[in-house]
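Everything on this sheet refers to the single structure shown next.
There are 2 protein chains.
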Amino acid sequence: MTSAVLALTMGDPAGIGPELTLRAWQALRANQHAPPFVFIGDCDLLATTAAHLGFDIPVRVIDRPIDAPAVFASGLPVLHQPLAKPAEAGRLDPANAKAVLLSIETAVALTQAGEAAAVVTNPINKAALYEAGFSFPGHTEYLGHLAGLSQPTVMMLACDALRVVPVTLHVSLQEAIAQLDGKTLAHACRVTHAYLRDHMGIAQPRLAVSGLNPHAGEQGAMGREEIDVIAPTLKALRAEGLDLRGPLPADTMFHARARQSYDAALCMTHDQALIPIKTLAFDEGVNITMGLPFVRTSPDHGTALDIAGQGIARPDSLLAALRMAGRLSASGTVHD
Amino acid sequence: MTSAVLALTMGDPAGIGPELTLRAWQALRANQHAPPFVFIGDCDLLATTAAHLGFDIPVRVIDRPIDAPAVFASGLPVLHQPLAKPAEAGRLDPANAKAVLLSIETAVALTQAGEAAAVVTNPINKAALYEAGFSFPGHTEYLGHLAGLSQPTVMMLACDALRVVPVTLHVSLQEAIAQLDGKTLAHACRVTHAYLRDHMGIAQPRLAVSGLNPHAGEQGAMGREEIDVIAPTLKALRAEGLDLRGPLPADTMFHARARQSYDAALCMTHDQALIPIKTLAFDEGVNITMGLPFVRTSPDHGTALDIAGQGIARPDSLLAALRMAGRLSASGTVHD
């Protein structure tokens, strides 16, 4: 039997990760249905943050994730990995970059070994890591590297009302237009289809695919990417057995009735995907990394250095990420 | 005193305009607070459509808009302008193009003469008009021409929860990037500011302006339009006294808390503006044309030829357009 314990990374110790971890434990400790998690990082960081915020939270250092369920109701389980220097909320310190990365590496290793069920990551700050020699474009690419992936991962954002998959992501809009090709789109569609089927219990996933241009180009009147790239790609994917609609006008894809007609929406640009989900569920969105050989979720916010340590950051998205990781890891085996 | 009667154009007689007009009258006839409207078009078109759908709606031909209030509770007031040929629902007929245009011209003339309070337009089909020699890019440009405008109009979409202004509109995404310049953005901001102040009773309008790129470019990491175009334009407009925030990441502008911080959101692309408003209010959005020397609203849908004549089209958006026109025309004088 596989572990049901979630491996929660430390994230940047100067960000809101530590306080969100404490709040998440408070919310989940008494919940029999939520999977327990183990925090992989510095136990003193959590204890100090708890004391600073006036939280009465016992921190329990354990040796292995399998020990977490027994202690979870009475204390926050930690696999202790010390920081190089005590963290100061809101102030990045490259001296702790190695510990940030080690937490991620440990979470991945434990999950791949079957000792943890899934990886849930607290936010990191790339600038602090780059100063310490980190050379990946981001968190997710680093996970892909650790997993030895040859194909890019695909990001899904999910809330109760909607799942979206941005096909292009953190590049300029001009570059997004240039990047959009049949190969990228087909990869995103196939990975999404497989993930919905294998992890979300949807036997026949229905995908809706947006156009790039307003009104999906109106038969070429406002741009040709729909005709030249999107429609031919969808046609080929349908021949593989995928259930796809599109290219659809993006503006009419996201109202309540439209959302009933698909299981996930693939969007050509960052804003096409992120605007509707953040409009509908600003605090509860979860980032799911598809295409890894293990389940990984994360909150859809950053380190929020400007408010770190004040106890005002909302744990909703981390809680949603933990709950989602529990559901995803319980529902199937990853086919990679 | 200015008239409180709204001039409602016929729109394409083969579309859903006639049936929506009938349904709108049913909804508004008993409402003392809603302004009466007069339909400018063929009285037989309405009578035939009513009979076909089984609606018991008396059509009352009147001579001038001022006669509408007296008859509105008991019948639908029509300024009769005959079609060249009886319309068939769902089938465009260029023979009726002249009547479609005459209805618009009459509505504008009556409103400019003070005989009507505002123009509310039913949807037209450009293809049918082009065949008959119409040479404007669309409905709104035609209205601008009739009003003798030298500056382009600016479109706002509004619902109870949100007002959005797309700065670029019905062009390919590639072309939108090329069109976005300081002059276009500044014009949209100034026109929106003046409209909120003069027609919506907002003494100090607060505008929120999106970035073009994901995360508003992240200080140039993902595109430079924010740095090169948007920020300098906003700076110059602030010096004119406009209250503007931005460039803001578009994805975090539209959730409930964010919407409290501004009166209108200016968006760089069609989808940035249309996705949030159609996600929040698919049926009740109203199109408002700003920059005309009179009030004009319209439903934010088209002629819907595929369902015309079936009686299933929802009148929500036309009703919202009529109510909005009543409020806008009551609240101030147009400064042009």
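Protein chains in written order, with my numbering: chain A, 49 to 384; chain B, 49 to 384. Where is the CB? At the ideal position from N, CA and C, for every residue including glycine. All values derive from a computational prediction rather than experimental measurement.
Checklist line | Whole-angstrom distance between isoleucine 225 of chain A and leucine 260 of chain B, CA atom to CA atom | finding: Their Cα atoms are separated by approximately 13 Å.
Notebook entry, point to check: Excluding five sequence neighbours on each side, which residues of the same chain lie with their C-beta closer than 8 Å to the C-beta of valine 382 of chain A?
Noted result: Only weak support is given to the placement of valine 382 of chain A: the predicted model assigns it a pLDDT of 44, under 50, and the value that follows is read from those uncertain coordinates. Result list for valine 382 of chain A: Asp246, His247, Leu340, Pro341, Phe342, Val343, in chain order.
Check: Measuring CB to CB, does leucine 296 of chain A end up less than 8 Å from alanine 264 of chain A?
Finding: yes
Margin query: Measuring only the C-alpha atoms, how far is proline 134 of chain A from proline 280 of chain A?
Written below: 55 Å
Check: The alpha helix (DSSP H) spanning methionine 372 of chain A covers which residue range?
Finding: For methionine 372 of chain A, the enclosing alpha helix (DSSP H) starts and ends at 364-378.
Next item on the list: Report all residues from its chain with a CB closer than 7 Å to the CB of arginine 307 of chain A; omit the five preceding and five following residues, and keep chain order.
Entry: Ala209, Leu210
Notebook entry, point to check: Expressed to the nearest angstrom, what Euclidean distance is found between the alpha-carbon atoms of cysteine 207 of chain B and threonine 169 of chain B?
Noted result: 17 Å
Next item on the list: Starting from the Cα of lysine 231 of chain A, find the closest Cα among A:Gly196, A:Leu217, A:Tyr243, A:Leu285 and give me that residue.
Entry: The option with the nearest alpha carbon to lysine 231 of chain A is A:Leu285.
Check: With C-beta atoms as the reference, is alanine 155 of chain A less than 8 Å away from threonine 57 of chain A?
Finding: The answer is yes: Cβ separation under 8 Å.
Next item on the list: Give, in chain order, every residue of the region 173-192 of chain B whose Cβ lies closer than 8 Å to some Cβ of chain A.
Entry: None of the residues of the region 173-192 of chain B has a beta carbon lying less than 8 Å from any beta carbon of chain A.
Checklist line | Limits of the beta strand (DSSP E) - the one that histidine 128 of chain B falls within | finding: 124-128
Next item on the list: Spatial neighbours of threonine 188 of chain A within its chain, please: CB distance less than 6 Å, with the 5 preceding and 5 following residues excluded, ordered by chain position.
Entry: Thr201, Thr337
Notebook entry, point to check: Taking C-beta to C-beta, are arginine 254 of chain A and aspartate 299 of chain A nearer than 8 Å?
Noted result: no
Note to self: Give me the residue from B:Phe330, B:Leu76, B:Ala137 with the minimum Cα distance to proline 117 of chain B.
What the structure shows: B:Leu76
Item checked: For glycine 192 of chain B, the first and last residue of its enclosing alpha helix (DSSP H) -> Run containing glycine 192 of chain B: 187-194, per the alpha helix (DSSP H) assignment.
Check: Roughly how many angstroms lie between the CA atoms of histidine 235 of chain B and glutamate 288 of chain B, to the nearest whole one?
Finding: 13 Å
Next item on the list: Might you give, ordered along the chain, the residues of its own chain that have their beta carbon closer than 6 Å to the beta carbon of glycine 192 of chain B, omitting 5 neighbours on each side?
Entry: Thr201.
Notebook entry, point to check: My guess is that isoleucine 325 of chain B and phenylalanine 302 of chain A are in contact by the Cβ rule of under 8 Å, so how many angstroms apart are they, rounded?
Noted result: With 8 Å as the limit, isoleucine 325 of chain B and phenylalanine 302 of chain A do not qualify as a contact, their Cβ atoms being about 11 Å apart.
Next item on the list: For isoleucine 386 of chain B, return the contacting residues in chain A, with the cut-off set at a CB-CB distance below 7 Å.
Entry: The displayed coordinates of chain B run from 49 to 384. Any statement about residue 386 of chain B would go beyond what the structure contains.
Next item on the list: Would you identify the three-state DSSP class for threonine 337 of chain B, choosing helix, strand or coil?
Entry: strand
Check: For proline 262 of chain A versus arginine 71 of chain A, is the C-beta distance shorter than 8 Å?
Finding: no
Checklist line | Residues bridged to isoleucine 88 of chain B (per DSSP) | finding: B:Thr57, B:Leu127
Item checked: Of the listed residues A:Leu366, A:Arg371, A:Ser377, A:Gln358, nearest to leucine 99 of chain A (C-alpha basis) -> The sequence as given places alanine at residue 99 of chain A; leucine does not occur at that position. The shortest C-alpha separation from alanine 99 of chain A is found at A:Gln358.
Check: In whole angstroms, what separates the C-alpha of leucine 370 of chain A from that of alanine 251 of chain A?
Finding: 24 Å
Checklist line | Cut-off 8 Å between Cβ atoms - residues of its own chain near aspartate 104 of chain B, not counting five sequence neighbours on either side | finding: The beta carbon of aspartate 104 of chain B lies closer than 8 Å to those of Ala98 in the same chain, with the five residues before and after it left out.
Notebook entry, point to check: Between the region 318-348 of chain B and chain D, which residues of the former have a C-beta closer than 7 Å to a C-beta of the latter?
Noted result: Of the protein chains in the structure, A and B, none is chain D.
Note to self: So aspartate 60 of chain B and isoleucine 172 of chain B are supposed to be a Cβ contact under 8 Å. How far apart are they, rounded?
What the structure shows: 5 Å
Next item on the list: State the Cα-Cα distance for the pair serine 309 of chain A and glycine 294 of chain A, rounded to the nearest angstrom.
Entry: Taking the straight line from one Cα to the other gives about 12 Å.
Notebook entry, point to check: Taking only runs of the beta strand (DSSP E) that begin and end inside the region 224-262 of chain B, which ones reach a length of at least 3 residues, in chain order?
Noted result: 254-258
Notebook entry, point to check: Beta carbon of valine 215 of chain B, beta carbon of leucine 205 of chain B: below 8 Å?
Noted result: no
Notebook entry, point to check: Using a C-beta to C-beta distance shorter than 7 Å, which residues of chain B count as neighbours of methionine 270 of chain A?
Noted result: His218, Val219, Ser220
Check: Taking Cβ positions only, does valine 382 of chain B come closer than 8 Å to chain A?
Finding: Below a pLDDT of 50, predicted positions are generally treated as unreliable, and valine 382 of chain B, at 43, falls in that range; the measurement from the model is reported next regardless. Answer no: the Cβ-Cβ gap between valine 382 of chain B and chain A never drops below 8 Å.
Next item on the list: Using three-state DSSP, classify serine 346 of chain B as helix, strand or coil.
Entry: strand
Next item on the list: Would you kindly work out how many angstroms separate the C-alpha atoms of methionine 49 of chain B and arginine 305 of chain A, rounded to a whole number?
Entry: Bear in mind that the predicted position of methionine 49 of chain B carries a pLDDT of just 41, short of 50, making it unreliable; the figure below should be weighed with that in mind. In a straight line, the C-alpha of methionine 49 of chain B is about 44 Å away from that of arginine 305 of chain A.
Check: What residue from A:Cys315, A:Leu376, A:Leu197, A:Gln129 has the CA that sits closest to leucine 150 of chain A's CA?
Finding: A:Gln129
Next item on the list: Could you tell me the distance, in whole angstroms, from the CA atom of glycine 374 of chain A to the CA atom of leucine 221 of chain A?
Entry: 35 Å
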